[in-house]
Structures are given as structure tokens and as C-alpha cells.
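Residue numbers (UniProt numbering): 1 to 475. Presented below is the structure to which this report refers.
What follows is the structure, encoded as C-alpha cells:
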């Protein structure tokens with residue numbers, strides 16, 4: 001069982017993170033500062049260190065040296081995101097922004113531990129019975145599972161990735177939410193000449209619109225209220241490497257103009273600065289939206305669209321990939337079984353059929369969640385279709401929608417429960433429209449029992465724009 005050290009001075013955050021990791025079969029120790037961690041533990045003995053960046057006494061980056069090779073995952077707020085990127089240059093394996101989603105944290109931890117295990121052991125990873133040692137697709141050089149599947153559309157995709165990766169051409173990755181666009185971006189980076197340089201990933205939908213230009217391009221001291229010091233942006237942090245902009249369709253028009261200058265001139269200008277500076281960045285962008293249509297109605301710059309559309313890679317939806325879905329499900333089953341030290345789990349015939357014929361509107365992300373849930377709940381070696389928690393008749397819903405769509409108890413606002421005349425889709429739309437004037441996005445997501453990212457994705461799918469002013473604005 002992997003042993004993880006949490007170093008965080010805020011007791012509530014430290015305790016919540018400990019419970020989250022222990023629920024997912026990790027052994028956890030904790031400390032409130034670097035000094036306390038030194039006094040209580042042998043730091044190099046841990047498999048992973050998760051540390052806040054700002055700590056009393058010494059900063060979390062001190063643990064990079066003290067860990068003597070133990071990977072360090074840095075936690076930081078958006079306000080200090082630049083410092084987190086700097087910490088990666090000092091040797092941190094990755095960073096995660098607060099407040100983080102539980103799934104985001106678990107995925108980061110699992111990936112880092114998987115990379116560490118892969119780097120430190122030569123025996124091949126165990127494979128399901130009947131699988132050959134050769135795995136179709138692109139093998140990401142950092143030890144991740146990579147991209148799985150052998151259907152014709154995926155074989156075509158692999159061929160394009162191998163051709164495109166060695167170049168510096170801009171790439172636009174298109175596909176539905178959950179199809180694995182970031183995996184493709186990482187494969188392009190890992191197979192490029194920039195593989196040893198940083199790949200900076202930015203979700204354009206996750207950063208508040210008022211901060212996006214400062215975060216991407218940096219700012220000078222006094223550029224706006226609260227800018228007490230100058231700061232580099234994420235584009236600068238990616239200098240010499242790759243910048244991955246996920247959900248680029250959500251980038252405001254003003255930021256699009258600045259990004260266009262990066263692509264045309266190879267230079268940036270910080271917010272509030274009159275001086276430009278050169279950068280060498282390869283841009284990979286991803287979206288589930290039709291940028292060409294957005295450009296026609298003035299919601300996306302047409303000149304930027306054509307700059308991005310040098311190479312376009314289209315990811316097929318999971319429902320279009322035939323038998324790949326069962327291969328991917330078996331890979332997830334193997335991974336989740338290993339996490340709870342079980343080797344006897346298999347899919348029952350009815351589960352295999354359900355996996356093959358369900359439309360998976362949430363794609364690979366939904367499939368992974370379904371398998372994880374089934375493994376946790378399984379009491380016998382065979383996983384039934386019922387444990388997967390999918391319903392063919394509700395195939396137009398995403399996996400997150402099954403997690404308590406009825407608002408949770410508490411608070412002064414009430415709403416009607418879904419009835420036979422009101423589908424879950426209708427209910428979601430009704431609840432958001434009814435409450436968004438007096439609830440923040442965080443409160444809406446909590447009441448619906450989904451993550452903020454899921455709330456945003458469903459707003460996009462249902463055409464419910466997020467309010468930018470008023471009571472519901474986030475601070």
C-alpha cells in the first residue's frame with residue numbers, strides 16, 4: 001500500500017485530504033510544517049509527498065531536497081500559481097490548484113505513483129488474461145497507460161500523432177468531453193523534441209474571466225488593483241516546451257487577441273507592460289465546441305481559429321469505437337483492482353454486454369468512474385451490470401448526473417423533486433435557472449451533488465450561460 005505524507009498547516013484541509021486518500025486505500029501520515037515533518041518522519045521513506053506551497057517556517061519546496069528523490073506534489077491557490085510553476089523547475093513533480101476537485105487530486109496521486117513505480121521497476125505491468133504484451137496505440141514515454149484502442153478511427157489518430165508530434169505545428173484537438181483530449185496532448189508532447197521541457201496545461205474554463213489574461217500572460221506591478229508585484233504568466237512558464245489550452249472555446253476575446261500575437265510574432269506582453277519579450281512555445285488546444293461556427297457569430301476570433309487549425313485531430317466518441325470500450329474497461333478494472341489488492345475481479349457476461357451497448361455520453365471519464373464504483377462495491381469476483389450503475393434508457397446523461405441530482409438538504413432554498421413528468425435533464429435545467437440568481441456556482445454544484453466542472457460542462461451542453469454579474473458571481 002503506497003505511503004503518502006501530507007504537509008499542510010490548515011487542519012481542516014489536511015484532515016479532509018487524509019480521509020480522501022485513506023478511503024482510496026492509501027496509507028497516510030501528516031504534518032503541519034516542514035520542520036514537524038523532519039522531526040517526526042524519515043521523509044525519503046514515503047512514496048509521495050503532498051505539500052502546500054506556503055507553510056510556516058520553510059516553504060513546501062524544501063521537501064524536494066529533503067525527499068531525496070521522493071516525488072513532491074505541490075498544492076497552491078490561483079493567487080500563487082506562478083510560484084507553483086517555479087517550484088516545478090526546482091524539482092516538484094507536479095502542482096494542483098486549490099480548491100481542487102477530489103477526482104482531480106486522486107487522478108494526480110495515482111498518476112505520480114504509477115510513474116514512480118514504472119520508473120523504478122523493470123518487470124512489465126500485469127495484464128488481463130488473453131491480452132498480448134503489445135498494447136495498441138501510443139505509449140506515452142512517462143509510463144502512463146497511454147491511449148488504448150485498436151478501432152480504425154483510433155489507428156488513424158495514432159498515425160497522425162506520430163507524424164505531427166516531431167513538428168512545432170499548432171494542433172487543435174476536437175472531441176466530446178471525456179474522450180481523452182489531454183492524453184493526446186501529452187502524447188504529442190512526450191513524442192516531440194520538447195519532451196524534456198515543461199508541458200503547462202491550462203483549463204480555460206476553470207480560471208475566472210477576470211484573471212485569465214494575468215494568469216496566461218503575466219502582469220507588471222500596479223497593472224491592476226492588488227498587483228503588488230510583477231509576475232510571469234503561464235505562457236512564459238512554457239517557454240521552450242508545450243502550452244496546452246483545454247476548452248479554448250471559453251477564452252475571452254481580449255485574451256484571444258493576446259494569444260494570437262504569441263502565435264504570429266512569438267512574443268508576449270505582460271498586462272500593464274509596454275515591453276514585449278520573445279517566447280518559444282508550441283501550442284496545443286482542445287475543445288468540444290465548434291470553433292468555426294463560433295467564429296461566424298463573432299464569439300471566437302476567425303484569425304485565431306485558422307492559426308490553431310493547422311493540424312486538427314478528431315477524437316471519436318466512445319460509442320463510435322466498437323470493441324475498444326471493453327478493452328478500456330478491462331484496463332480500468334486491472335488498475336482499480338490493484339489499488340484494493342484484489343486479483344479475482346472480472347466482468348460478468350451481462351456487464352460485458354452493458355459496457356458494449358451503453359452509449360457512454362460521458363465517454364472514457366464516465367466509464368472509468370463506473371468501473372471504479374463497481375470495484376469498490378463488488379462483494380463477489382464477478383461484477384454485474386447492476387454494479388456499474390448505468391441505465392441504457394438514461395444514456396443521454398453523464399456519469400456525474402447519477403450522483404444525487406436532487407438537491408441536498410440544508411439551506412433556505414427548496415425545489416421540487418423530479419417527477420415522472422420531469423426528466424433528470426429537465427430537472428437540472430429547471431434547478432439551475434431557478435437558483436442561479438442567488439447562488440454561486442459552487443453552491444449550485446454542491447446542491448446538485450456534482451463537481452463544478454460537471455456543472456460547467458452541462459451548462460454548455462444545455463445552452464445555459466453562466467451569469468457573469470450579480471449575486472451569483474464568484475469572488
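Backbone N, C-alpha and C fix where the C-beta goes; we use that ideal spot for every residue, glycine too.
Terminal residues of the continuous beta strand (DSSP E) containing residue 199?
Residue 199 sits at position 199 when you count from the first residue of the chain shown. Note, residue 199: beta strand (DSSP E), 199-203.
Using DSSP with H/G/I as helix, E/B as strand and the rest coil, what is residue 436?
The residue you call residue 436 lines up with position 436 of the chain shown. Under the three-state reduction of DSSP output, residue 436 falls in the coil class, being neither helix nor strand.
Residue environment, residue 344, which counts as buried when at least 16 other CB atoms sit within 10 Å:
As a working mapping, residue 344 is identified with position 344 in the chain shown. A residue is called buried when at least 16 other Cβ atoms come within 10 angstroms of its Cβ; residue 344 does not meet this threshold and is exposed.
So, residue 272 versus residue 220, is the Cβ gap smaller than 8 Å?
As a working mapping, residue 272 is identified with position 272 in the chain shown. As a working mapping, residue 220 is identified with position 220 in the chain shown. With contacts defined by Cβ atoms closer than 8 Å, residue 272 and residue 220 form a contacting pair.
Would you mind giving the Cβ-Cβ distance between residue 268 and residue 236, rounded to the nearest angstrom? I have them listed as a contact below 8 Å.
On the chain shown, residue 268 is found 268 positions in, with the first residue counted as 1. On the chain shown, residue 236 is found 236 positions in, with the first residue counted as 1. Taking C-beta atoms under 8 Å as the contact rule, residue 268 and residue 236 qualify, at a distance of about 7 Å.
What would DSSP say about residue 53, mapped onto helix, strand or coil?
Here residue 53 corresponds to residue number 53 of the chain shown, with the count starting at 1. For residue 53, the secondary structure class from DSSP, reduced to helix, strand or coil, is coil.
Beta-carbon within less than 8 Å of residue 14's beta-carbon, same chain only, minus the 5 sequence neighbours each way: which residues are those?
Locating residue 14 in the chain shown gives position 14, counting from the first residue. In chain order, 6, 8, 30 and 32 place their CB closer than 8 Å to the CB of residue 14, counting only its own chain and leaving out the 5 sequence neighbours on each side.
Contact set for residue 2: own chain, Cβ-Cβ below 8 Å, skip 5 residues either direction
Position 2 of the chain shown, counting from 1, holds the residue named residue 2. Same-chain partners within the cutoff: 26, 27, 47, 48 and 113.
Look at residue 73 and residue 96 and say whether their C-beta atoms are less than 8 Å apart.
Residue mapping note: residue 73 aligns to position 73 of the chain shown, counting from 1. Residue mapping note: residue 96 aligns to position 96 of the chain shown, counting from 1. Yes, the pair counts as a contact, with Cβ atoms nearer than the cut-off.
How about residue 241 and residue 289: do their beta carbons lie closer than 8 Å?
Stepping through the chain shown from its first residue, residue 241 is reached at position 241. Stepping through the chain shown from its first residue, residue 289 is reached at position 289. Not in contact: residue 241 and residue 289 (Cβ atoms no closer than 8 Å).
Any idea if residue 196 is buried or exposed, counting beta-carbon neighbours within 10 angstroms, 16 or more meaning buried?
As a first step, residue 196 must be located in the chain shown, where it is residue number 196. Exposed: under 16 other Cβ atoms inside 10 Å.
Sort out for me which residues DSSP pairs residue 29 with in a bridge.
One-based indexing of the chain shown puts residue 29 at position 29. The partner list for residue 29 (beta bridge, DSSP) reads 5.
Mind pulling the beta strand (DSSP E) runs of 3 or more residues that sit fully within the stretch 226-250?
Taken in chain order, the whole beta strand (DSSP E) runs of length 3 or more contained in the stretch 226-250 are 242-246.
Near residue 477, which residues of its chain fall below 7 Å by C-beta distance, leaving aside the five closest residues on each side in sequence?
Because the chain here runs from 1 to 475, residue 477 falls outside it and cannot be looked at.
Quick one: grab the DSSP three-state call for residue 46.
Here residue 46 refers to the residue found at position 46 when the chain shown is read from its first residue. The three-state secondary structure of residue 46, taken from DSSP, is coil.
When the cut-off is 8 Å and only beta carbons count, does residue 270 lie next to chain C?
Of the protein chains in the structure, only one exists, and it is not chain C.
On the DSSP letters alone, give me the boundaries of the beta strand (DSSP E) that residue 323 sits inside.
Counting from 1 along the chain shown, the entry for residue 323 is found at position 323. Where residue 323 is concerned, there is no enclosing beta strand (DSSP E), because DSSP gives it neither an H nor an E.
Please state if the CB of residue 303 and the CB of residue 245 are separated by a distance shorter than 8 Å.
What you label residue 245 is simply residue 245 of the chain shown in a count that begins at 1. What you label residue 303 is simply residue 303 of the chain shown in a count that begins at 1. Note that the C-beta distance between residue 245 and residue 303 is not below 8 Å.
Span separating the alpha-carbon of residue 328 from that of residue 57
Stepping through the chain shown from its first residue, residue 328 is reached at position 328. Stepping through the chain shown from its first residue, residue 57 is reached at position 57. A straight line joining the alpha-carbon of residue 328 with that of residue 57 spans about 46 Å.
What is the DSSP secondary structure of residue 460, reduced to helix, strand or coil?
For this step, residue 460 is matched to residue 460 along the chain shown. The answer is helix: DSSP assigns residue 460 an H, G or I state.
Three-state secondary structure (DSSP) at residue 271?
Counting from 1 along the chain shown, the entry for residue 271 is found at position 271. In the three-state reduction of the DSSP assignment, residue 271 falls in the strand class.
By how many angstroms is the C-alpha of residue 318 removed from the C-alpha of residue 173?
Counted from its first residue, the chain shown places residue 173 at position 173. Counted from its first residue, the chain shown places residue 318 at position 318. About 16 Å.
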